[in-house]
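The sequence shown finishes on residue 223 if you use my numbering, and the numbering steps up by one all the way, no holes. Glycine included, each C-beta is placed from N, C-alpha and C at the ideal position. Written out below as structure tokens is the structure these notes cover.
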Amino acid sequence: MYLVNKEKINKSLSAKIVDARVAQVFNSFGDVLVTSSFGTTSAVLLHIVSRVRPNCPIYFIDTGYHFKETIRYKKRLSRLLGLNVVDLRPDPADHSMTDKNQLWSQDPDQCCHINKVEPLSRVKEKYKVWMSGLIGFQNRNRSDLEIVDEEADIIKFHPLIDWNTSLVEEYMESHSLPQHPLKDKGYHSIGCTHCTVAGAGRNGRWSDSGKTECGLHK
6 MYLVNKEKIN KSLSAKIVDA RVAQVFNSFG DVLVTSSFGT TSAVLLHIVS RVRPNCPIYF
66 IDTGYHFKET IRYKKRLSRL LGLNVVDLRP DPADHSMTDK NQLWSQDPDQ CCHINKVEPL
126 SRVKEKYKVW MSGLIGFQNR NRSDLEIVDE EADIIKFHPL IDWNTSLVEE YMESHSLPQH
186 PLKDKGYHSI GCTHCTVAGA GRNGRWSDSG KTECGLHK
């Protein structure tokens, strides 16, 4: 594993403001895999990264099933923050199969694997550290995560994991960051159209099943 003393690093990072956390990880590891769903809380980390490491690639997994509002929001934030967004897409034949068979209604885990996990895996293997905007209040699984965690052969870095709703809202307001257009319609967590409805937290994701994560974040 890359981290010798994870507990020490978590303690060090927890004492820093988020900008300093992000800067320290970039300075320590150089190239860092940064992903974003361009969801309702994504603008915070994107804004920080745009200031700390301008032109850093931001990987967006384009499943082919995103809300049109999400795609517009991605374009708006990209222009506003000068983001270097790299779109990752699933294998065309495999994606076509999920559409033809409406796989999301039969086997949502496999649908996520084809359209999300596999596209990212082709890039993920090139990096030692993966930074994402997961926040602890989003669900029980995420509330147990630390700022730095180890997962298989990659270090997971969650600079916002100990934030709450108020901090997110205050940051976005103080920096005049636009909200996702679906937020005002009651969507607090936004994924693919087939598997997302309005709801608080992540209650609107896979609401008719026990599924809580797409497979990217275990």
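The beta strand (DSSP E) enclosing residue i, as first and last residue numbers
i	result
Asn-89	89-93
Thr-40	38-40
Helix, strand or coil at residue i [DSSP, three-state]
i	result
Lys-161	strand
Ile-166	coil
Pro-124	helix
Cys-116	helix
Leu-172	helix
His-71	strand
Integer Cβ distance of residue i from residue j, believed to fall under 8 Å
i	j	result
Phe-65	Asp-92	6 Å
Spatial neighbours of residue i in its chain, beta-carbon cut-off 8 Å, leaving aside the 5 residues before and after
i	result
Lys-127	According to the sequence displayed, residue 127 carries Arg and not Lys. Excluding sequence neighbours, Arg-127 sits near Leu-93.
From the options, residue whose alpha carbon lies closest to that of residue i
i	options	result
Thr-75	His-199, Asn-106, Val-49, Leu-187	Leu-187
Lys-121	Gly-87, Ser-110, Thr-68, Val-173	Thr-68
Gly-44	His-193, Asp-24, Ala-205	His-193
Asn-89	Val-134, His-118, Ile-63, Ser-33	Ile-63
His-52	Glu-156, Asp-158, Val-173, Gly-141	Val-173
Cys-197	Arg-81, Cys-117, Gly-191, Lys-190	Cys-117
Same chain only: Cβ atoms within 6 Å of residue i, ignoring 5 sequence neighbours per side
i	result
Met-136	Val-37, Val-39, Phe-162
Ala-205	His-193
Pro-47	In the sequence as presented, Pro is not what sits at residue 47; that position holds Ser. So the list reads Ser-41, Gly-138, once near-sequence residues are dropped.
Limits of the alpha helix (DSSP H) - the one that residue i falls within
i	result
Asp-154	No alpha helix (DSSP H) contains Asp-154, which is instead part of the beta strand (DSSP E) from 153-156.
Pro-186	Element bounds for Pro-186: n/a, residue is neither H nor E.
Val-57	47-57
Ile-22	Premise fails: Ile-22 is in no alpha helix (DSSP H) and is neither H nor E.
Thr-103	97-105
Leu-108	108-111
Neighbourhood of residue i by C-beta, 7 Å cutoff - its chain only, sequence neighbours within 5 removed
i	result
Arg-58	Phe-31
Leu-221	Lys-121, Val-122, Leu-125
Asp-99	Ile-119
Cys-61	Val-39, Val-54, Asn-89
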